[in-house]
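Reviewing the structure listed below.
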DNA sequence: ATATTTACCTATTGACTTAGTAGGTAATTA
DNA sequence: TAATTACCTACTAAGTCAATAGGTAAATAT
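Residue numbers (the working numbering), protein chains in the order written: chain A, 6 to 138; chain B, 6 to 138.
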């Protein structure tokens, strides 16, 4: 399951893209428009900043802004920065020890194929695609 | 993420299919071959019994057996009986209240499309397909 | 200078889920 | 009657989720 972190992250990115006429957009405004707790969004936006997807500037007139055009972001990278991984099973997640049964497992190819399909799906959609919905 | 319940359920189903020459297969044997706690498998197999996917018989000589041929099971139904839902987001899971923002949400179509793709993927694979890996 | 506004930081929490374990009873067969 | 098996209820330790709380640092407006 995609958690609120990933889902809210996409909504934040869309919101920033839709208000790009302002140089910097305060998180307060995003939180109000999206009806999400600003405190919680801080956690999410930090992942986006650390991941190099958005930039933040403190102080009056500050806020966040996108670093690229909406069509230059893909949905997959936004989700991965906030969710950690898009992998469907622990056996294929990079931060777990390799499964001792991986060579004989009859189900592993299923998960591999599914993960590949998932990756292609989310990396094939751009932020611009979402905005046009 | 697909949890161990769904993953183990598939391995149990494959194991039962591979040993179908015995009428009933004791869970003890499945647990030993698959190297999974028998106690934990009991929980998983109960979901499969309640879901009408396998049948169990108590007593000596008892155990579990498939009710259909492997090609007549699809992976999706096995996962849904044990995981509860295959939906990627709470907003589209049937047992949650509909999201108040669903009409304006720019991301909902993404999750719908992804869930549809996921459904088609898992419902398009049979138990037999897994055995042939 | 000072007040205001904003990002950015660490820590905490209650509810829930996950991945089992424990200890039985009921059913069936040898 | 003994052995074997499914089936049942309850419990639990660890982890995750979805936030909240309470600050400090940075930048600008007055």
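We treat Cβ as the ideally placed atom computed from N, Cα and C, and that holds for glycine.
Item, Value
"Closer than 8 Å to chain A by CB, residue 12 of chain B", "yes"
"Euclidean distance between Cα positions of residue 21 of chain A and residue 123 of chain B", "29 Å"
"Boundaries of the beta strand (DSSP E) in which residue 62 of chain B is found, first to last residue", "59-62"
"Beta-carbon separation (whole angstroms), residue 79 of chain A vs residue 128 of chain A, contact threshold 8 Å", "5 Å"
"Within 9 Å of chain B by C-beta, residues of the region 89-105 of chain A in sequence order", "90, 92, 93, 94, 95, 96, 98 and 105"
"Residues bridged to residue 79 of chain A (per DSSP)", "A:131"
"For residue 71 of chain B, the residue or residues it bridges with in DSSP", "B:59"
"Touch test, the region 59-69 of chain B against the region 19-39 of chain B, Cβ-Cβ under 8 Å, three pairs minimum", "yes"
"Residue-chain proximity (residue 112 of chain A, chain B), Cβ-Cβ < 8 Å", "yes"
"Where the region 15-30 of chain B meets chain A: residues whose CB sits under 8 Å from a CB there", "15, 16 and 19"
"Euclidean distance between Cα positions of residue 12 of chain B and residue 69 of chain B", "18 Å"
"Helix, strand or coil at residue 2 of chain A [DSSP, three-state]", "The requested residue 2 of chain A does not occur in the structure, where chain A is confined to residues 6 to 138."
"Segment contact flag, the region 44-60 of chain A with the region 80-99 of chain A, C-beta cutoff 8 Å, min 3 pairs", "yes"
"Own chain partners of residue 74 of chain B with C-beta closer than 8 Å, once the 5 adjacent residues on each side are dropped", "133"
"Delimiting residues of the alpha helix (DSSP H) encompassing residue 23 of chain A", "9-23"
"Buried/exposed call for residue 110 of chain B, threshold 16 Cβ in 10 Å", "buried"
"Reduced DSSP category for residue 88 of chain B - H, G, I as helix; E, B as strand; rest coil", "helix"
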